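Here is the structure we will look at, set down as structure tokens.
There are 2 protein chains.
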Amino acid sequence: MKEFELIKHFFTKQSVNRKDVVLGIGDDCAVISPIENQNIVVTTDTLVAGVHFPFDTSPRAIGHKAVAVNLSDLAAMGAKPSWLSLAITLPDIDETWLTEFCQGVFDLCEFYNVQLIGGDTTQGPLSITITAQGLTPEDGYLSRSGAKSGDWLYVTGELGDAALALQHITGRVDIDANFVDAIKEKLDYPKPRVLAGQAIREYASSAIDLSDGLIADLGHICQASNVGANIVLDDLPISDIMLETLGKTVAIDTALTGGDDYELLFTVAEDNKVGMETALINTGVAITCIGQLNGSAKITTTIDNKPVSINAQGFEHFSKDDH
Amino acid sequence: MKEFELIKHFFTKQSVNRKDVVLGIGDDCAVISPIENQNIVVTTDTLVAGVHFPFDTSPRAIGHKAVAVNLSDLAAMGAKPSWLSLAITLPDIDETWLTEFCQGVFDLCEFYNVQLIGGDTTQGPLSITITAQGLTPEDGYLSRSGAKSGDWLYVTGELGDAALALQHITGRVDIDANFVDAIKEKLDYPKPRVLAGQAIREYASSAIDLSDGLIADLGHICQASNVGANIVLDDLPISDIMLETLGKTVAIDTALTGGDDYELLFTVAEDNKVGMETALINTGVAITCIGQLNGSAKITTTIDNKPVSINAQGFEHFSKDDH
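Protein chains in written order, with my numbering: chain A, 1 to 323; chain B, 1001 to 1323.
So, in structure tokens, the structure goes:
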């Protein structure tokens, strides 16, 4: 186990050096200096090999994704990411693997000025747990529970590509060879919507990041906010590659139920739409209005203005009349 | 995997409800309110089944220990524990197991008014990662690096009993049946020295918690503080059970190298000894002076005022002349 002490050196090679970190890696704990008039926002996510990523995923992608899924949670709160703690369990020590894994971690950390302040390295089946922390102004955070009937429903980016990539990797779908890399990039290197989250903080009534799929995560907002929602399926942002590969029906199903998108789903009152759209312009993040909240306790979907039904696994495929 | 959502309910049954937690379990992140003139102290520790505890350890003990090892790190910084994030990976869902595990977690949390603010539940080989946070006054934390030549070396409690318990469990040592429960308690339910850590904060020049064994952890202080140390082996606090079971020579070896004690090792300048001892009285924690720091770059040991040599695995067993 002494070697496991040595690998800590891999985790000290970061260029970020924040002023609010009084004591970083190397003692029993890290020490952070007080932050006046700021809330601290905390999240923890674990990735288990074979469950959250295929065993043969590149170590750089694993490092990137372990950080990205946590920053995505911070983004959904409108927080500015600040500090990470990283606990990694490794079956053995492979220096090349560790170097690439750390590159994935540190590239994303540097981009957002996030400092790794500590962690733990242990021996066992591959698994990574990151606790990420960020800052928001006092009482200036987003949550799942502020949405109101009548608010508009938005998503960032495009939906379903990560699920499509996983279907390709597991041999369930063939993707045109020209598009495989672009689609795999969506699964392996999700972009946490950190800047978009901060931009919408003053305008959105609720937000969540899409990790479990649109229907499931919208369900969390509806439950926490005590509202229902209708999704206009015609308006779902779906990539051309997905449309070409799966056809419209299956593509919509994948966009509704596929996980791992790490886009933001958020709600905005009519009065805040213009402010929100203006605030987002500088982030360069595309958004799409995909529906509206209502007073029902249900999530419904329409296509061509006609209701179509969905079930827990997604929406029920269109009846013959709809084709 | 939907069931894994359900087990989150096990983790919401806590009685602690801190005023500084603005938003607890149930959203993308927890939100903590600003703390003026306080440092935030952060630590992360992972326990892997079969590595950090035997597979047949009771779930309550696993829950207790997962929290205790983290609070022990906070104690070594002189911090007051505040918030926990808990990531647990489980092979399957066993409600009895989870109920007992949570009891172990929450009993210790309640004792120290620590609130579970979030976490993640995933499927895979059993492993628990906790990130614990605490508070210290600004610039009022302990570290490994403040020790000076001439400072006195202290430990809390008794050393080696946890290692003895592990030797018993793995069949390498027989313990008198009357003592087995008492010794196993030391391994399964370590007491983090939270109050002692806060009491010595103003007086100690350095501190660390004993997880890897006295020699290894003293080595961390010596390296970080650029000092050497002599340990007076005659003065090591060793339980009567360990002395009776192992005899003096092996008992001392176990006290020097056995891990999992979670006692505090700390150093105090001559001028601060009385203040430190007075401050500790109210905590009811026993301490023992076991040696002194010096300007060498080595850790040495004496017995009957005569030097005995140690190696990386512990001290070299006494030569025939010493018996």
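Cβ coordinates follow ideal geometry from the N, Cα and C atoms, glycine included. Being a predicted model, the structure only gives us computed values, none of them experimental.
C-beta neighbour in chain A for residue i, strict 8 angstroms
| i | result |
| --- | --- |
| Gln1123(B) | yes |
| Cys1289(B) | no |
| Thr1267(B) | no |
| Asn1017(B) | no |
| Leu1164(B) | no |
| Gly1146(B) | no |
| Tyr1112(B) | no |
| Ile1062(B) | no |
| Asp1151(B) | no |
| Asp1045(B) | yes |
| Ala1092(B) | Here residue 1092(B) is Asp; the residue named in the question, Ala, does not match the sequence. Taking Cβ atoms only, chain A never reaches closer than 8 angstroms to Asp1092(B), which makes this a no. |
| Tyr1141(B) | yes |
| Leu1108(B) | no |
| Asp1073(B) | yes |
| Val1250(B) | no |
| Val1285(B) | no |
| Val1194(B) | no |
| Glu1138(B) | yes |
| Phe1011(B) | no |
| Ser1225(B) | no |
Short Cβ contact (8 angstroms threshold) for residue i with residue j
| i | j | result |
| --- | --- | --- |
| Val345(A) | Ile130(A) | Nothing about residue 345(A) can be read from this structure; chain A reaches only from 1 to 323. |
| Ala1199(B) | Ala1087(B) | no |
| Thr1288(B) | Val1155(B) | yes |
| Val1041(B) | Tyr1189(B) | no |
| Ser1033(B) | Val1048(B) | no |
| Ser1149(B) | Asn1294(B) | yes |
| Thr1012(B) | Ala1079(B) | no |
| Gly171(A) | Ala251(A) | no |
| His10(A) | Thr99(A) | What sits at residue 10(A) in the sequence shown is Phe, not His. The answer is yes: Cβ separation under 8 angstroms. |
| Ile1238(B) | Ala1255(B) | yes |
| His1163(B) | Gly1258(B) | Note on residue identity: the sequence assigns Ala, not His, to residue 1163(B). Yes, the pair counts as a contact, with Cβ atoms nearer than the cut-off. |
| Leu265(A) | Ala207(A) | yes |
| Thr302(A) | Ile310(A) | no |
| Gln124(A) | Ser1127(B) | First, the amino acid is wrong: residue 124(A) is Gly here, not Gln. Result yes, Cβ atoms of Gly124(A) and Ser1127(B) sit closer than 8 angstroms. |
| Leu1116(B) | His1064(B) | no |
| Val194(A) | Ala75(A) | yes |
| Thr43(A) | Asp73(A) | yes |
| Tyr1262(B) | Val1069(B) | yes |
| Ser82(A) | Arg18(A) | yes |
| Ala165(A) | Lys186(A) | yes |
Min CB distance residue i to chain B below 8 angstroms
| i | result |
| --- | --- |
| Ile310(A) | no |
| Met77(A) | yes |
| Gln14(A) | no |
| Gln38(A) | yes |
| Gly118(A) | yes |
| Ala30(A) | yes |
| Ile35(A) | yes |
| Ser85(A) | yes |
| Ile299(A) | no |
| Thr89(A) | yes |
| Ile208(A) | yes |
| Glu95(A) | no |
| Ser205(A) | no |
| Ser82(A) | no |
Environment of residue i [buried if 16+ CB atoms lie within 10 Å]
| i | result |
| --- | --- |
| Lys1306(B) | exposed |
| Gly1275(B) | exposed |
| His220(A) | buried |
| Gly247(A) | exposed |
| Ile1299(B) | buried |
| Ile1281(B) | exposed |
| Gly134(A) | buried |
| Gln1038(B) | buried |
| Gly1050(B) | exposed |
| Ala1196(B) | buried |
| Glu138(A) | exposed |
| Gln1167(B) | buried |
is_contact[residue i, chain D] using C-beta, thresh 8 angstroms
| i | result |
| --- | --- |
| Val67(A) | Of the chains in the structure shown, none is chain D; the protein chains are A and B. |
Q: Tell me the start and end of each unbroken beta strand (DSSP E) in the region 65 to 133 of chain A that is at least 3 residues and wholly inside, in chain order.
A: The qualifying runs are 80 to 90 and 115 to 123.
Q | the region 113 to 130 of chain A contacting the region 76 to 95 of chain A, beta-carbon criterion three pairs below 8 angstroms | A | Result yes; three or more Cβ-Cβ pairs closer than 8 angstroms.
Q: Counting only runs of 4+ residues fully inside the region 1215 to 1300 of chain B, write out the alpha helix (DSSP H) ranges in chain order.
A: Runs found: 1240 to 1257 and 1273 to 1281.
Q: Can you check the region 1148 to 1196 of chain B for any alpha helix (DSSP H) of at least 4 residues that lies completely inside it and give the ranges in chain order?
A: Correct list: 1161 to 1169 and 1180 to 1188.
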